[in-house]
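Residue numbers (this note's numbering): 161 to 392. Where is the CB? At the ideal position from N, CA and C, for every residue including glycine. Since the structure comes first, as structure tokens, the remarks are kept for the end.
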């Protein structure tokens, strides 16, 4: 994963603006260029670097660092569900964490942080989707279908479902995440995406049918139940 290192501490969240001009900052390149506005996470240390404009207290920084360490895997899963691409998922999560870090002291109910982060990721993803043409990247080869139903549970089930999700066009994938992860209603999804309720219903129905017909998921489970397990 992309990492940034400062002369003082390893960064959980830091800006990428003009990063090459900063003294003592070293970047590690990845396969795909990243937008200039994207922020980065140090996957090894997770310690916060104070922000010049809005610096949370030292206690808040410790709380934020602990939260990221505990929840990063689940948050990355949300980002991957939305984007269907591991590099884009990293970028999306990094940007959402930066926004949350800036707002940490203003979030009075820390139990609501998870919802705040997921909403932030969803909004960032939808905004990016609206700004660009649909561009689906090729997926890796799907894992072989397991013969035993029990073997498809847990981590393996999630891996197969993740791959199946990348086969669904981005707008429909976003609707599934909004419905089954965010718990949004059809009217709410329609308002967020600027489409009709009828379009939401028909798109989700077609997406679930496509998941049901995917041979990699042919292990006798209801497709909605499978997706709910994926995002649990």
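Report the residue from the options whose alpha carbon sits nearest the alpha carbon of residue i.
{"i": "residue 230", "options": "269, 370, 274, 361", "result": "274"}
{"i": "residue 330", "options": "244, 370, 239, 341", "result": "244"}
{"i": "residue 221", "options": "254, 239, 260", "result": "260"}
{"i": "residue 262", "options": "250, 337, 249, 277", "result": "277"}
{"i": "residue 271", "options": "223, 372, 284", "result": "223"}
{"i": "residue 288", "options": "249, 371, 234", "result": "249"}
{"i": "residue 284", "options": "257, 264, 269", "result": "257"}
{"i": "residue 323", "options": "225, 235, 246, 226", "result": "246"}
{"i": "residue 264", "options": "225, 233, 232", "result": "225"}
Determine the burial state of residue i: buried for a count of at least 16 other Cβ atoms within 10 Å of its Cβ, exposed for fewer.
{"i": "residue 189", "result": "For residue 189, the predicted structure reports a pLDDT of 37, less than 50, and the residue's modelled location is therefore unreliable. A value from the coordinates is still provided. Counting Cβ neighbours within 10 Å, residue 189 comes out exposed, since fewer than 16 surround it."}
{"i": "residue 366", "result": "exposed"}
{"i": "residue 344", "result": "buried"}
{"i": "residue 266", "result": "exposed"}
{"i": "residue 255", "result": "buried"}
{"i": "residue 362", "result": "exposed"}
{"i": "residue 203", "result": "Only weak support is given to the placement of residue 203: the predicted model assigns it a pLDDT of 38, under 50, and the value that follows is read from those uncertain coordinates. It is exposed - the Cβ of residue 203 has fewer than 16 other Cβ atoms within 10 Å."}
What do you reckon, are the CB atoms on residue i and residue j nearer than 8 Å?
{"i": "residue 281", "j": "residue 252", "result": "yes"}
{"i": "residue 352", "j": "residue 339", "result": "no"}
{"i": "residue 341", "j": "residue 238", "result": "yes"}
{"i": "residue 360", "j": "residue 241", "result": "no"}
{"i": "residue 357", "j": "residue 374", "result": "no"}
{"i": "residue 334", "j": "residue 286", "result": "yes"}
Assuming the contact rule is C-beta atoms closer than 8 Å, residue i and residue j should be a hit. Round their C-beta distance to whole Å, please.
{"i": "residue 370", "j": "residue 328", "result": "6 Å"}
* Could you tell me which uninterrupted beta strand (DSSP E) segments, each at least 3 residues in length, are contained entirely in the segment 205–280, listed from first to last along the chain? => none
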